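These notes concern the structure reproduced below.
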Amino acid sequence: MAAPRQLLLRLWGVGTLGLVLAIATGAYWWEQQLPKRLQTALAANDYEACIRTSEQLASLRWLGEGAPEEQALCRQKHAEHLWDQGDSIAALTLQKQLVASGHGDLALHRKTLERWRQALMDQAIALFREGDLQQALALLDPLKGSARSSISQLSATLMEIWNRNQLEQRRLVQLVEQERWWEALDSLNKLDHPWWQQRASATRQEVESAIQALDEAQQHQQHPAVRADVISGDRLDAAVEDQLLQGLDPWTAFSMGCSDLGGRVEEDGPESFCRRSSPSP
556 MAAPRQLLLR LWGVGTLGLV LAIATGAYWW EQQLPKRLQT ALAANDYEAC
606 IRTSEQLASL RWLGEGAPEE QALCRQKHAE HLWDQGDSIA ALTLQKQLVA
656 SGHGDLALHR KTLERWRQAL MDQAIALFRE GDLQQALALL DPLKGSARSS
706 ISQLSATLME IWNRNQLEQR RLVQLVEQER WWEALDSLNK LDHPWWQQRA
756 SATRQEVESA IQALDEAQQH QQHPAVRADV ISGDRLDAAV EDQLLQGLDP
806 WTAFSMGCSD LGGRVEEDGP ESFCRRSSPS P
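In our numbering, the protein residues as written are 556 to 836.
Rendered as C-alpha cells:
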C-alpha cells in the first residue's frame, strides 16, 4: 500500500508544480504584453485603460517594486489632457496626487503643479474683477491647504473688497435719494472695484451734474457781503436748489430763487448777485 500512496503523492506534486509553472508562464507572458498595451492606451488618450494596465503590471511584478513609473506617466498624461480640455480643477487634483506619490519626474511634476496653481489664481482674479465673485472663489478653493495659507488669505481679501464695495453702493443709493450730492461723490470715490465702479457710472454722472449745477447757481450770488440789501447765504441756496429740482437751468434757477425771496438779479462786472427790491430798514 505504501508504494501506490507514494506514487499518488508524487503525481500530485508533479501536477501541482506543472499547474504553478503554467500559471507563472501565462502571467509572465501577460506581463510582457502589458507595456505594449500601456503605450497603446496612451496613444489613444485612454487614460483609464492606461492606469488599469499599469496596475495589472504592478500586480504581476512579484519580485520588483511594481510599476510606479508607468502609473505616474499615465496620471501625468491624464492630468495634462484634463488641463488642455479646460477641466482645470480635476487636472489640478490629479497633479497634486501625482506629486504626493513621489514617483516619476518629481521636479517636473512640482513645476507643472505650481504653474497650474498660478494660472488658476490669475484666472480667479480676472473673474473677480469682472464681477463673478463666486466663480473666482470656486477656482481658488482647490488650491487651499495647510501649506497654502496665502490662498485662504486671498479668498478672504476678495470677499472683503466685494462686501465693502457692495455696502458702499447701498450707501450711495441712499445719499442720492436724499440729494446729498457731496457725500454721494465721496461715496463714489470709495468704490475701488472695477465692476462696482462700472455699475455706478451713471450715478456718478448724475451726482457730478447736480454738483456742477449747484456750483454754477452759487457763482451768480458771489458779491461782497458788506451791502445790507444783498440776499445771500442759506436762504438763497435753498431757494435756488428748489428751482433746480424743478428742472430749471442754473441761471434761471438763480433768477427765480432770487425773485421768490423778493429780490432781483443784478450784475457787477463778472459777478451776479441778488439785491432786495426794497431794502430792509
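In this text, a Cβ means the ideal position worked out from N, Cα and C, and glycines have one as well. This one's a predicted model, so the numbers in the text were calculated from it and none came from an experiment.
Pick from A674, G641 and L628 that is closest to V654, judged by C-alpha positions: L628
Three-way DSSP call (helix, strand, coil) for E738 in this model: helix
Bounding residues of the alpha helix (DSSP H) (the contiguous stretch that carries A646): S643 to S656
Whole-angstrom C-beta distance between L730 and A739, which should lie under 8 Å: 4 Å
Residue nearest to V820 in terms of C-alpha spacing, selected from S787, I644 and L668: S787
Own chain residues within Cβ distance below 7 Å of S742, not counting five before or after: E723, R726, L727 and L730
Reduced DSSP category for S827 - H, G, I as helix; E, B as strand; rest coil: strand
DSSP bridge partner residues for I520 (one or two, in chain order): Nothing in the structure corresponds to residue 520, since the chain is present only between 556 and 836.
The alpha helix (DSSP H) enclosing L713, as first and last residue numbers: S704 to E732
Contacts around L791, its chain only, beta-carbon distance under 8 Å, and the 5 residues preceding and following it disregarded: Q776, G812, C813, L816 and C829
Burial state of G581 (16 or more Cβ within 10 Å): Caution is warranted here: a pLDDT of 43 is assigned to G581, below 50, making its placement in the model unreliable, and no coordinate value can be reported.
Inter-residue spacing [alpha-carbon to alpha-carbon] between A768 and Q733: 17 Å
Start and end residues, alpha helix (DSSP H) containing K666: L661 to R684
Buried or exposed (CB count within 10 angstroms, at least 16 for buried), R670: exposed
Stretch pair the stretch 685–704 + the stretch 657–668: three plus CB contacts closer than 8 Å: no
Backbone CA spacing between A634 and Q650 [nearest angstrom]: 6 Å
With 16 other Cβ atoms within 10 Å as the buried cut-off, status of A755: buried
C-alpha gap between L803 and S764, whole angstroms: 13 Å
Residue from L668, Q640, D677 and L661 whose Cα sits closest to the Cα of T648: L668
Simplified DSSP assignment, three categories, for G907: Here the chain comprises residues numbered 556 to 836, so residue 907 is not present and cannot be evaluated.
CB contact flag (G818, S832, <8 Å): yes
Beta-carbon spacing of L682, L694 below 8 Å: yes
Inter-residue Cα distance where the pair is W750 and W717: 10 Å
Environment of R665 [buried if 16+ CB atoms lie within 10 Å]: exposed
Outcome for L839 when other beta-carbon atoms lying within 10 angstroms are tallied against a minimum of 16: With the chain running from 556 to 836 in the structure shown, residue 839 is simply not present.
Beta-carbon proximity of Q672 to L637, cut-off 8 Å: In the sequence as presented, Gln is not what sits at residue 672; that position holds Arg. The answer is no: Cβ separation not under 8 Å.
Alpha carbon of S796 to alpha carbon of R719, nearest angstrom: The residue you asked about is not Ser; residue 796 is Glu in the sequence shown. If I take the Cα positions, the gap works out to 32 Å.
Endpoints, the alpha helix (DSSP H) within which P697 is located: Here P697 belongs to no alpha helix (DSSP H), and DSSP marks it neither H nor E.
Span of the alpha helix (DSSP H) around Q753: P749 to R754
Of the residues M714, R759 and H748, the one placed nearest W736, counting alpha carbons only: R759
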